[in-house]
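Peer 1: Chains as they are written, first to last, in full-length UniProt numbering: chain S, 1 to 258; chain L, 1 to 241.
First the structure, which I've put down as structure tokens, then a few questions once you've had a look.
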Ligand SMILES: Nc1ncnc2c1ncn2[C@@H]1O[C@H](COP(=O)(O)OP(=O)(O)OP(=O)(O)O)[C@@H](O)[C@H]1O
Ligand SMILES: [Mg+2]
């Protein structure tokens, strides 16, 4: 029986997703950290701002920052986890071997995206639940939209992690891509300084960074009970950026190496 | 006898060095062909070219009638890298099943492959917890599982005890009898004697394309190691002359 190799095979993508999740399942500590750490860190923020009064008519600082963090955690965590996982595939020879099998490069990358996207969904459900019940985080819109945005962010993190791993030759280098990719987006996303108050050129940079739209989408969900068009546009932009990054990652993943 | 692999004027550069300066050879179908040569002679590089993951400068590599690495070949060619390439954080069985799935096979095929390399009892163990030799066999099982027409095995018996080594070689021959073509690299001359055909490499050049019997006859010794050494010396004298 021969398996024709196509650009994309749902069966092989699924096999990859299952394999990555199985690897995760053997690593209890990583699972525990993935699921619980964001809730604990959010608790720290909650305690930090608990007794700081907020301006009347404005959302409390914790509501604003906490909600944004629900999008930033999955982005950062999945970026790191994926870039290390992919680098390991490269250095252990499993990548070379996978590339000799019927698995296509896109199957491999999408398989990773789906696996960590699912992990991010679990992470987001736990974090949102803890945030809204224990920390009393106020969200006007649906918490499911928050989960959806968290997953979109996670997939963006995965895609950028896969891309970044192509440029890292060691785990040391891979880890250092994290501040390079994450911090500028975090600084310019509108959380620290509202985007309207930024210098024009900084705002222009902020305009092309995908995390900006993820944060805007979360703030829309935070303040509006009804789904807004802006929110859906933002989610679309984040998803589009993830697809673009995956395509670039596929293009930089060479079957033949020297 | 037809050839499963033909290599014509292959030139490969790695880093800034020419590792294979122009190699032509063929691998007969349904036989075990040994790829022998000292460390650094280009065995792994040639194997990578056969499975289509090596960038080549020029020349052609044709495998089972198609250019090496073509999509159609990927379910027909199995490759075992020199360093075991299996997932340390999965069990042996999970590894075998994953590669089985990639080749479109089921759990049965995975179990059979583990049986073939004698790892049935260790199937539930994490690969990270295996001994070196066991890890190598797990890696081998992940290629056997696809029942490919061409198996490219880079030093598959390193670190194995004599009993296991003999068993694996018996399996290689059984596969060849059933029609599989095998290319097996080794530096162990005692394994060379078990091959149907031998390709001796040195510094990326083909020193001999022969059979164990022919090699012994040509060099006038029964010891293949000695034959190899004599060939090397003869070539060095040729170069010097
Ligand atoms: N990634 C690489 N970059 C640059 N040069 C390389 C690389 N890999 C191998 N080489 C060089 O290519 C030559 C052939 O290496 P190769 O791995 O094919 O040898 P080999 O015959 O398999 O050796 P061994 O028996 O030790 O496995 C060596 O001189 C080696 O230094
Ligand atoms: Mg080698």
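Beta carbons are placed, not taken as given, at the ideal position from N, Cα and C, and that holds for glycine.
The structure displayed is predicted, hence computed values, not measured ones.
1. Return yes when at least one heavy atom of ligand 1 lies under 6 Å from the C-beta of residue 170 (chain S), else no.
2. I'd like to confirm something about residue 14 (chain L): is its beta-carbon nearer than 6 Å to some heavy atom of ligand 1, or not?
3. Within a Cβ cutoff of 8 Å, which residues of the same chain sit near residue 148 (chain S), ignoring the five residues on either side of it in sequence?
4. Of the choices L:141, L:193, L:83, whose alpha-carbon is the least far from that of residue 111 (chain L)?
5. Going by CA-CA distance only, name the one from L:191, L:45, L:113 that's closest to residue 258 (chain S).
6. Among L:158, L:128, L:84, L:204, whose alpha-carbon lies nearest the alpha-carbon of residue 20 (chain L)?
7. Using only the alpha-carbon positions, how far apart do residue 72 (chain S) and residue 150 (chain S) sit?
8. Run the CB neighbour count on residue 98 (chain L), radius 10 Å, all protein chains shown included, and call it buried at 16 or more, exposed below.
9. Let's test the definition: count the other Cβ atoms within 10 Å of the Cβ of residue 3 (chain S) and tell me whether it reaches 16, buried, or not, exposed.
10. Cα separation between residue 116 (chain S) and residue 15 (chain S)?
11. Using a Cβ-Cβ distance cut-off of 7 Å, determine whether residue 154 (chain L) contacts chain S.
12. Within 10 Å of its beta-carbon, does residue 40 (chain S) have 16 or more other beta-carbons around it, so buried, or fewer, so exposed?
13. Please go through the segment 200–227 of chain S and give each complete alpha helix (DSSP H) segment of 4 or more residues, from N-terminal end onward.
14. Relative to the C-alpha of residue 135 (chain L), which residue among L:152, L:54, L:192, L:87 is closest?
15. Of all Cβ atoms in chain L, is any one closer than 7 Å to the Cβ of residue 258 (chain S)?
16. Residues of chain S with a CB under 9 Å from the CB of residue 52 (chain L): which are they?
17. Determine, using beta carbons only, whether residue 250 (chain S) comes closer than 7 Å to chain L.
18. With 7 Å set as the bound, which would you pick, yes or no: does the beta-carbon of residue 112 (chain L) sit closer than that to a beta-carbon of chain S?
19. By a C-beta neighbour count over all protein chains shown, 10 Å radius and 16 as the cutoff for buried, is residue 137 (chain L) buried or exposed?
20. Determine whether the Cβ of residue 160 (chain L) lies closer than 7 Å to any Cβ atom of chain S.
21. Residue 50 (chain S): buried (16+ other C-beta within 10 angstroms of its C-beta) or exposed?
Peer 2: So, from the listed chains and residues:
1. Position 170 of the first chain holds residue 170 (chain S). Residue 170 (chain S): no, Cβ never under 6 Å from ligand 1.
2. Taking the first residue of the second chain as 1, we reach residue 14 (chain L) at position 14. Answer for residue 14 (chain L): yes, Cβ within range of ligand 1.
3. Residue mapping note: residue 148 (chain S) aligns to position 148 of the first chain, counting from 1. Counting only Cβ-Cβ distances below 8 Å, and skipping sequence neighbours, we find 235.
4. As a first step, residue 111 (chain L) is located in the second chain; it is residue number 111 there, counting from the start. Among L:141, L:193, L:83, the Cα nearest to that of residue 111 (chain L) is on L:141.
5. The count along the first chain starts at 1 and reaches residue 258 (chain S) at position 258. The shortest C-alpha separation from residue 258 (chain S) is found at L:45.
6. Taking the first residue of the second chain as 1, we reach residue 20 (chain L) at position 20. Closest option to residue 20 (chain L), Cα to Cα, is L:204.
7. One-based indexing of the first chain puts residue 72 (chain S) at position 72. One-based indexing of the first chain puts residue 150 (chain S) at position 150. One C-alpha to the other measures close to 8 Å.
8. Residue mapping note: residue 98 (chain L) aligns to position 98 of the second chain, counting from 1. With 16 or more other Cβ atoms within 10 Å, it is buried.
9. Position 3 of the first chain, counting from 1, holds the residue named residue 3 (chain S). Per-residue confidence for residue 3 (chain S) stands at a pLDDT of 42, beneath the threshold of 50, marking its modelled position as unreliable; no derived number is given.
10. Translated into the one-based positions of the first chain, residue 116 (chain S) becomes position 116. Translated into the one-based positions of the first chain, residue 15 (chain S) becomes position 15. Cα to Cα, residue 116 (chain S) sits roughly 14 Å from residue 15 (chain S).
11. By 1-based counting over the second chain, the position of residue 154 (chain L) is 154. Output row for residue 154 (chain L): interface = no.
12. Counting from 1 along the first chain, the entry for residue 40 (chain S) is found at position 40. Residue 40 (chain S) is exposed by the Cβ-count criterion.
13. 200–207, 210–223
14. In the second chain, residue 135 (chain L) corresponds to position 135, counting from 1. Among L:152, L:54, L:192, L:87, the Cα nearest to that of residue 135 (chain L) belongs to L:87.
15. Sequence index remark: in the first chain, residue 258 (chain S) carries index 258 (1-based). Yes, residue 258 (chain S) lies at the interface with chain L (some Cβ there is under 7 Å from its Cβ).
16. The residue you call residue 52 (chain L) lines up with position 52 of the second chain. Within chain S, the residues near residue 52 (chain L) are 99, 100, 255, 256.
17. The residue you call residue 250 (chain S) lines up with position 250 of the first chain. No, its Cβ sits nowhere closer than 7 Å to a Cβ of chain L.
18. Here residue 112 (chain L) is taken as the residue at index 112 of the second chain, counted from 1. So, not an interface residue.
19. Start at 1 with the first residue of the second chain, and residue 137 (chain L) comes out as number 137. Result: buried.
20. Along the second chain, read from residue 1 onward, the residue named residue 160 (chain L) stands at position 160. By this cut-off, residue 160 (chain L) is not an interface position.
21. Looking up residue 50 (chain S) in the first chain gives position 50. The residue is exposed, with fewer than 16 neighbouring Cβ atoms inside 10 Å.
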